[in-house]
Amino acid sequence: MSSVLVSMVALVTLSAQSPGMVEARVDVELSCPSCAQGLERRLGRIDQVASVAVRADDGQIVVTPEPGTAIDLIEIRDAVRNAGFIPDAIHVTAVGVVGEEEIPELELPNGAVLRLKAGDAMVPASGRTVRLRGVVEFLGRGEPPVLLVHTVDPS
1 MSSVLVSMVA LVTLSAQSPG MVEARVDVEL SCPSCAQGLE RRLGRIDQVA
51 SVAVRADDGQ IVVTPEPGTA IDLIEIRDAV RNAGFIPDAI HVTAVGVVGE
101 EEIPELELPN GAVLRLKAGD AMVPASGRTV RLRGVVEFLG RGEPPVLLVH
151 TVDPS
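Under this note's numbering, the residues of the sequence shown are numbered 1 to 155, in order.
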């Protein structure tokens, strides 16, 4: 019995550290409940999205991707804007390998990458698998989003 429990705990821990995005949390004013439901439906239609949870009291929408995948953050931002909302911030938690490129990137499944920039925490050394949390910056048309790194947990 105890070995089964230990195995289950190890499996949960391992899957929590599998490469991919863990969540994208959008800070947005949600004063209209029916509008928030419409936004929830729009976000749920984005590829790789497993679930969307509206936290109206906190002014947040939590988008959870399918395990081992990455969500297009530009699509999330655009879906929020197209629904008539202005996102204050998009917070991301992701697990991946820090690439060896000139500009630091977190390599995610299916060839997705997230550029990294030091925020409250330094960008980790390349070649390491890490769990990062931070705020997304959108630089401009055609430019990939950048994660301003706030916390780093070794995998």
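Ideal Cβ positions, reconstructed from N, Cα and C, are used throughout, including at glycine.
Bear in mind the structure is a predicted one, so any value in this text is a computation, not a measurement.
Could you tell me how far apart the beta carbons of residue i and residue j are, in whole angstroms, since I believe they sit closer than 8 Å?
i: residue 68; j: residue 109; result: 5 Å
i: residue 70; j: residue 112; result: 4 Å
i: residue 21; j: residue 123; result: That belief does not hold up - the Cβ atoms of residue 21 and residue 123 are roughly 18 Å apart, past 8 Å.
i: residue 114; j: residue 139; result: With 8 Å as the limit, residue 114 and residue 139 do not qualify as a contact, their Cβ atoms being about 13 Å apart.
Under the rule that 16 or more other beta-carbon atoms within 10 Å means buried, what is residue i, buried or exposed?
i: residue 19; result: buried
i: residue 57; result: exposed
i: residue 6; result: Confidence in residue 6 is poor, its pLDDT being 32 and thus under 50, which makes the residue's placement too unreliable to answer from.
So residue i is in the alpha helix (DSSP H); what residue range does that whole segment cover?
i: residue 79; result: 73-82
Grab me the residues of residue i's own chain with a C-beta within less than 6 Å of its C-beta, minus the 5 sequence neighbours each way, in chain order.
i: residue 53; result: 62
i: residue 75; result: 46
i: residue 25; result: 60, 62, 91
i: residue 64; result: 23, 50, 51
Hey, could you find the ends of the beta strand (DSSP E) residue i is sitting in?
i: residue 34; result: Where residue 34 is concerned, there is no enclosing beta strand (DSSP E), although the alpha helix (DSSP H) it sits in stretches over 33-44.
i: residue 116; result: 113-118
i: residue 108; result: Premise fails: residue 108 is in no beta strand (DSSP E) and is neither H nor E.
Can you list, in chain order, the residues of its chain with a C-beta nearer than 7 Å to that of residue i? Leave out the 5 residues immediately preceding and following it.
i: residue 89; result: 27, 135
i: residue 118; result: 149
With a threshold of 8 Å on Cβ separation, who are the neighbours of residue i within its own chain once the five nearest residues in sequence on each side are excluded?
i: residue 29; result: 59, 85, 86, 88
i: residue 11; result: Note that residue 11 has pLDDT 32, beneath the 50 cutoff, so the model's placement of it is unreliable and no number is given.
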